[in-house]
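Quick note: the sequence shown, position 157, residue 176 per the numbering used here, numbers continuous. Glycine included, C-beta positions come from ideal geometry on N, C-alpha and C. Worksheet: one structure, shown below.
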Amino acid sequence: MLDFIYYPVSFILWCWHKVFGFVFGEATAISWILGIIFLTFTVRGIMFKPFVNQVRSMKKMQDFAPEMKKVQKKYANDKQRQAQEMQKLQREHGVNPLGSCLPMLLQIPVFIGLNWVLRAFTIQPKDGGAKTENYFFNKHDVDSYVNAKLFGVNIGEAIHNGVTAIGGSGASGWHWNVLPVALPLMIVASIATHLTARHSVARQNAASATPQTAIMNKLTMYVFPLGVLVFGALFPLGLLFYWLANNGWTLMQQRLVYTKIDKEEAARKAEAAEKRASLGPKPGQKPAAPKVGQKPVQQKKNQSAQGGSQKKVTKAGSAHGFAQTSGASGASAASESAKAADPAPAETNGQNGSKDNGTGVPGLLKDSTRKSGRKRR
């Protein structure tokens, strides 16, 4: 029924077994173990791009998590509207929630397919005859797998072998001779699962944490590794090597991808800060002077206001024109008014030989005149 999974998995394993069988011998356990490990690496290499998209999608979701919380709080009583607003928010940020689940979903068929292919090596046909093939493997390959032993234990055996429950005949029950080889692999696989989950949880944004997220983190960090340790007794040795290789690849991939994304984010922030700094004035820098012939609009308004005030002050008949005006126009107006009001001192004072009475200011009396005037008073 799942031959569309079993045939591709068996083909990749067959290719790698032939490569390492050429070096170490096809009947050796190391050829089969390396074939399983590189099968894992091949599948994970194919899923590398989806994994990077998964990390970027999770990073975006963490960035706008506060907005999601606002939407959830705003439409807490209207689940349909809440779902619509959440989808709208995800479209605006270019986030696909299924993108973060794709790599995990793709690994499930591979795990199921490899588990069945490895078990099928030891499942005898229903007619009781000798097993002659196993998907892409011929009878010679089947015999080499069955006879391959690691520390005296066949790599297709498990601590508890339940092949009869799967649909074939064969030895079932507990095989304690497998425990010394399988138990260290189960412990290491459990630790690797915990470290992978811990490294992923450490990358999460605390601001985006929810009760559901906290529950999932505990499941991935503690329950799943414990499940590997317990249910690993049902896995053939070859499948335990797959689990180890898969977690080792995941841990290495996470470090590489997370480091790259952190560098990209730091470079993006530095570029944004540099752009803001280039647009703003430098410390201590004065605003640039206007170009020649260019006057600010505010300056024109001030000039027109000053011109209007001067016109008002220098009207004819103003008693305070001399005191309030300034500049060349104010001085000339004051001089004319002084001449019209009191021309006598300028004409009768001939001692100094000038109309300004030697003071340099028209209309003013000499010091001696002012003193004598004060004395007469």
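Using 10 angstroms around the beta-carbon of residue i, count the other beta-carbons present and answer buried if the total reaches 16, otherwise exposed.
i	result
F170	exposed
I52	buried
R287	exposed
P199	exposed
M20	exposed
M271	exposed
A48	buried
S209	buried
D22	exposed
F460	Residue numbering for the chain in the displayed model covers 20 to 396; residue 460 lies beyond these limits and cannot be assessed.
M123	exposed
With which residues is residue i paired in a DSSP beta bridge?
i	result
L169	V172
Q272	None; Q272 has no bridge partner.
G192	N180
M153	Looking at the sequence itself, residue 153 is Asn, so the reference to Met does not match. F156, per the DSSP bridge assignment.
Please say whether residue j and residue i have beta carbons closer to each other than 7 Å?
i	j	result
V136	V28	yes
K168	V161	no
I131	Y261	no
I178	G257	no
V247	N236	no
E176	V197	yes
V90	E104	yes
I24	L58	no
P244	H218	no
M240	A264	no
M66	L108	no
S163	E45	yes
F43	S50	yes
L259	L204	yes
S194	N180	First, the amino acid is wrong: residue 194 is His here, not Ser. Yes; because the gap between Cβ atoms is below 7 Å, this pair is in contact.
Could you tell me the distance, in whole angstroms, from the CA atom of residue i to the CA atom of residue j?
i	j	result
N166	T141	11 Å
R138	L253	11 Å
R63	W35	15 Å
Q223	Y94	25 Å
G187	D146	Below a pLDDT of 50, predicted positions are generally treated as unreliable, and G187, at 40, falls in that range; the measurement from the model is reported next regardless. Going from the Cα of G187 to the Cα of D146 covers about 10 Å.
Y398	Y26	Because the chain here runs from 20 to 396, residue 398 falls outside it and cannot be looked at.
G267	G251	17 Å
D281	S76	14 Å
K88	E293	32 Å
L133	W33	12 Å
K78	P255	37 Å
Three or more C-beta pairs closer than 8 Å, one from the segment 68–88 and one from the segment 269–276: is that the case here?
yes
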